[in-house]
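Engineer: The numbering used here numbers the first residue of the sequence shown as 292 and each following residue consecutively.
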Amino acid sequence: MEWHKLKNIILLILLVVNGFLLVLVGSRLEEAAQYERKALEQTVQVLERGGIQVDLEAVDPAEGLFPAMVERDLEREVRMARALLGQAAEADNRGGGLYLYRSGAGELSVRAGGELSAKLEGGAGWQADHPERHAAGLLRKMGIDGAQAGVTEEDGWTRVRFRQLWNGMPVFSCELEFAYRGGVLDSIRGTLLTAQAGTAEAGQSMTLPTALMRFSEEIAATGDVCTAIRSMEPGYRGMAQSLSGGTRLAPVWLVTTDTARYYLDCAAGELTRLTNP
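Printed below as a string of C-alpha cells:
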C-alpha cells in the first residue's frame, strides 16, 4: 500500500479514537454533574425536613479557592495615596504599622491590618453629581478592584460602599465607604488590602452538599435559630497576621439566612456569626 494512503488511514483512525474519547469524557462529566446535582437536591431535602429552606439558585460552589498569605505593599500604598491626594502626598511612618499621607487635598491613614481612613479637603475639588460613579472612578484611579456593595441616603449624606475583589472574588472583610455630604466627598473609611500578590497554600474546599450539612450541624450546636438559607456566596475573609501587614486570606462562604449572616470556612467548616447586620 502506498504510504500516503496508509497515512490517511492512520489519521482517520486517530480522529475516530479522539472522537470516541471526547464523547466518553463528555458523558463522564455529564454523569458527574448529574450526580452532584442529585446529591445537592437530596441534601436540600434533608435540611428542609429539619426546618431549613434553601434557595438552590442562590448557593454557589467554592471550587478553585485556596488559602493565601499576602504582605503589605508600601510602594503600592504610596501610589494609591498619591492617586487620591495628588503627587505631593508623602508617607509619614508613625510607628506600629501606621502610615499617614498628607497633602492640600486632605489626609489618609493606613494601618498594618488594612484599616483605612481619609479626610478630604478642598470642597469643590471633590464635587460629585453622581456619587456612585464618582466613587467607582476613584477606586479605579487608586488601582483597586471592587464591586459596589450598597448605597444609603440619610440626612443629606450619601454613603456608597464597595467591596474589594481579589482575583475576581470578593474579600468580605474588606469594604470601603465613600461618604458624600451635599454632593461633595467628605471622607473614606474601611479596610483594604494593599498587597499586589499572595502565596497560595494547600487546601481543598468542601462540596456544596457537605457545606450545607456542616452549616446545619453548626447552627444546631450553637443554638441559633434559622429557617431559611437565602444565599451562600464564596469569597475570602482577610485576617491580619502581623504588624508588618501580613494577612491570611481564608476561603469562606458568606451565608445569609433569614436571621443572621455567617462565615463558613470552606475547608474546616468552622462557622462564625457576623456581628454587623
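The beta-carbon is built from N, C-alpha and C at its ideal position, and this holds for glycine as well.
In whole angstroms, what separates the C-alpha of E494 from that of F357?
Structural biologist: Here residue 494 refers to the residue found at position 203 of the sequence shown. Here residue 357 refers to the residue found at position 66 of the sequence shown. Contrary to the premise, residue 494 reads as Gly rather than Glu in this sequence. If I take the Cα positions, the gap works out to 6 Å.
Engineer: Between G441, A519, R402, which lies nearest to E339 when the distance is taken from Cα to Cα?
Structural biologist: Mapped onto the sequence shown, residue 339 falls at position 48. The residue with the shortest Cα to Cα distance from E339 is A519.
Engineer: Have a look at the DSSP bridge pairing and note the partners of Q418.
Structural biologist: Within the sequence shown, the letter at position 127 stands for residue 418. Q418 pairs with V475.
Engineer: Spatial neighbours of L411 within its chain, please: CB distance less than 6 Å, with the 5 preceding and 5 following residues excluded, ordered by chain position.
Structural biologist: Locating residue 411 in the sequence shown gives position 120, counting from the first residue. Excluding residues within five positions, the ones whose Cβ falls inside 6 Å are G397, W417, L476.
Engineer: Quick check for students: name the residue ranges of the beta strand (DSSP E) that lie wholly in the stretch 374-449, counting only runs of 3 or more.
Structural biologist: The stretch 374-449 contains these whole beta strand (DSSP E) runs: 381-386, 389-394, 397-401, 406-411, 437-445.
Engineer: Since D556 sits in a beta bridge, which residues does DSSP pair it with?
Structural biologist: Within the sequence shown, numbered from 1, the residue matching residue 556 stands at position 265. Looking at the DSSP assignment, D556 forms a beta bridge with V543.
Engineer: On the DSSP bridge list, what partners appear for P352?
Structural biologist: Numbered from its first residue, the sequence shown carries residue 352 at position 61. Per DSSP, none; premise fails for P352.
Engineer: In whole angstroms, what separates the C-alpha of D364 from that of A330?
Structural biologist: In the sequence shown, counting from the first residue as 1, residue 364 sits at position 73. In the sequence shown, counting from the first residue as 1, residue 330 sits at position 39. Near 43 Å, if we compare the C-alpha coordinates of A330 and D364.
Engineer: How would you call T550, buried or exposed, if buried means at least 16 neighbouring beta carbons within 10 angstroms?
Structural biologist: Position 259 of the sequence shown, counted from the first residue, corresponds to residue 550. Its Cβ having fewer than 16 others within 10 Å, T550 is exposed.
Engineer: Could you work out which residue in R521, A380, G395, M460 is closest to Y553 when comparing CA atoms only?
Structural biologist: Along the sequence shown, read from residue 1 onward, the residue named residue 553 stands at position 262. That would be R521, whose Cα lies nearest to the Cα of Y553.
Engineer: So, helix, strand or coil for E327, using DSSP?
Structural biologist: One-based indexing of the sequence shown puts residue 327 at position 36. In this structure, E327 counts as helix in the three-state DSSP scheme.
Engineer: Just checking: is the beta-carbon of A551 within a distance shorter than 9 Å of some beta-carbon in chain D?
Structural biologist: Looking at the structure shown, chain D is missing, and only one protein chain is on hand.
Engineer: Quick one: any contact between the stretch 451-466 and the stretch 426-438, if contact means 3 or more CB pairs under 8 Å?
Structural biologist: Cβ pair count under 8 Å is three or more, so yes.
Engineer: Which residues mark the beginning and the end of the alpha helix (DSSP H) in which M504 is found?
Structural biologist: By one-based count along the sequence shown, residue 504 stands at place 213. Unbroken alpha helix (DSSP H) run through M504: 499-513.
Engineer: Between A512 and T538, what straight-line distance do the alpha-carbon atoms span, to the nearest angstrom?
Structural biologist: What you label residue 512 is simply residue 221 of the sequence shown in a count that begins at 1. What you label residue 538 is simply residue 247 of the sequence shown in a count that begins at 1. Roughly 30 Å between the two C-alpha positions.
Engineer: For R528, count neighbouring C-beta atoms within 10 Å of its own C-beta (all shown protein chains included) and say buried if the count is 16 or more, exposed if not.
Structural biologist: For the purposes of this step, residue 528 is identified with residue 237 of the sequence shown, where counting begins at 1. It counts as buried.
Engineer: Using only alpha-carbon positions, find the residue among H421, F463, E381 that is nearest to V369.
Structural biologist: Stepping through the sequence shown from its first residue, residue 369 is reached at position 78. Per the Cα distances, E381.
Engineer: Taking the alpha-carbon positions, what's the G377 to L347 distance?
Structural biologist: The sequence position of residue 377 within the sequence shown is 86, counting from 1. The sequence position of residue 347 within the sequence shown is 56, counting from 1. Their Cα atoms are separated by approximately 47 Å.
Engineer: Which residues in the same chain as D436 place their Cβ atom closer than 6 Å to its Cβ, once the five residues preceding and following it in sequence are excluded?
Structural biologist: For the purposes of this step, residue 436 is identified with residue 145 of the sequence shown, where counting begins at 1. Excluding residues within five positions, the ones whose Cβ falls inside 6 Å are L456.
Engineer: What residue from G355, M360, F463, E406 has the CA that sits closest to R480's CA?
Structural biologist: Mapped onto the sequence shown, residue 480 falls at position 189. Nearest C-alpha to R480: E406.
Engineer: Identify the residues that DSSP records as bridge partners of M530: which are they?
Structural biologist: Here residue 530 is taken as the residue at index 239 of the sequence shown, counted from 1. DSSP output for M530 lists R539 as bridge partner(s).
Engineer: Bridge partners for G342 per DSSP, in chain order?
Structural biologist: Locating residue 342 in the sequence shown gives position 51, counting from the first residue. Per DSSP, none; premise fails for G342.
Engineer: May I ask you to list the residues that DSSP assigns as paired with V451?
Structural biologist: As a first step, residue 451 is located in the sequence shown; it is residue number 160 there, counting from the start. V451 pairs with V442, F469.
Engineer: Buried or exposed: A541, going by 16 or more other Cβ atoms within 10 Å of its Cβ?
Structural biologist: Reading the sequence shown from its first residue, position 250 is the one you call residue 541. Buried, by the Cβ-count rule.
Engineer: Go ahead and pull the three-state DSSP assignment for T482.
Structural biologist: For this step, residue 482 is matched to residue 191 along the sequence shown. In the structure shown, T482 sits in a strand (DSSP, three-state: E or B).
Engineer: Relative to the C-alpha of I510, which candidate in M360, T334, G341, G459 has its C-alpha closest?
Structural biologist: Here residue 510 refers to the residue found at position 219 when the sequence shown is read from its first residue. The shortest Cα separation from I510 among M360, T334, G341, G459 belongs to G341.
Engineer: Please report the straight-line C-alpha distance between V335 and M497, rounded to a whole angstrom.
Structural biologist: To locate residue 335, count along the sequence shown from 1; it is residue 44. To locate residue 497, count along the sequence shown from 1; it is residue 206. Going from the Cα of V335 to the Cα of M497 covers about 16 Å.
Engineer: Could you spell out the range, first to last residue, of the beta strand (DSSP E) harbouring T563?
Structural biologist: Here the question's residue 563 lines up with position 272 in the sequence shown. Unbroken beta strand (DSSP E) run through T563: 562-564.
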